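Okay, structure first, notes after.
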Amino acid sequence: MAARPHPVQLLYEFQTKGAVNSVAAEQTRAIALEAVKRTGLFSEISTAPVTDGAVLSIIINNVPLTDDAAAKGFVTGLTFGVVGNQVTDGYLCTVEYLPSAKAPKITKTVRHAIHTTVGAKGAPEKSIPAASARDAVEMMVRQAVSNLLDAVASDAAFKG
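Rendered as structure tokens:
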């Protein structure tokens with residue numbers, strides 16, 4: 001944790017296959033903001049520019065990892081669930097932290113995934129079950145932001 005936290009401007013974007021997804025951003029922005037607050041790395045988090053110009057940019061990009069998800073779903077339905085399937089959505093999560101206009105930028109990236117199983121298909125080992133798709137997305141955002149900011153705080157260039 002930083003010895004003396006400073007204020008930061010938070011920029012947050014959610015993408016789907018690299019394209020801005022404003023609906024998903026609106027639905028997850030508060031979760032990301034809360035995850036940033038919980039780290040205690042910053043004294044204030046604002047959507048407006050802050051003194052010293054510190055900026056924290058978080059981008060979560062939903063990138064499908066499963067080919068032919070619709071075809072797999074059709075087969076599962078056709079066999080009444082006897083043939084189970086798993087669909088995986090990947091998330092490429094990137095943070096860029098600029099402590100001030102004169103400081104070098106710190107960039108970190110983590111990968112995350114949400115696995116959905118249908119029919120007679122078990123969940124991947126070590127996965128954490130979620131009650132709903134919304135709960136799964138919220139958990140992914142919290143974990144991704146937490147892991148990203150842990151990586152930023154561990155960077156030698158991070159001074160808080």
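Heads up, the sequence shown is in UniProt numbering, so the first residue is 1 and it goes up one at a time. Think of the CB as a built atom: it goes at the ideal place given N, C-alpha and C, for glycine as much as any other residue. Source: prediction; values computed, not measured.
The C-alpha of A133 is placed about 11 angstroms away from the C-alpha of T117. Beta-carbon to beta-carbon, V55 and Q9 are separated by about 5 angstroms, close enough to satisfy the 8 angstroms threshold. Looking at the backbone, the Cα of V63 and that of D89 are separated by about 6 angstroms. Counting other Cβ atoms within 10 Å of its Cβ, V23 stays below 16 and is therefore classed as exposed. Taking K17 as the centre and dropping the five residues before and after it, the same chain places the C-beta of N61, N62, V63, P64 closer than 8 angstroms to its C-beta, in chain order. C-alpha of H112 to C-alpha of S146: approximately 12 angstroms in a straight line. Judged by beta-carbon spacing, I31 lies beyond the 8 angstroms limit of E125, meaning their Cβ atoms are not closer than that value. DSSP, reduced to helix, strand and coil, places L65 outside both helices and strands of the structure shown, so it counts as coil.
Cβ neighbours of I59 within its own chain (closer than 6 angstroms, five residues either side excluded): E13, T94. For V8, DSSP records a beta bridge to I45.
Taking C-beta atoms as the reference points, P5 and S43 count as a pair closer than 8 angstroms. By the 16-neighbour rule on beta-carbons within 10 angstroms, L41 is buried.
Annotation: the continuous alpha helix (DSSP H) that includes N147 extends over 133 to 154.
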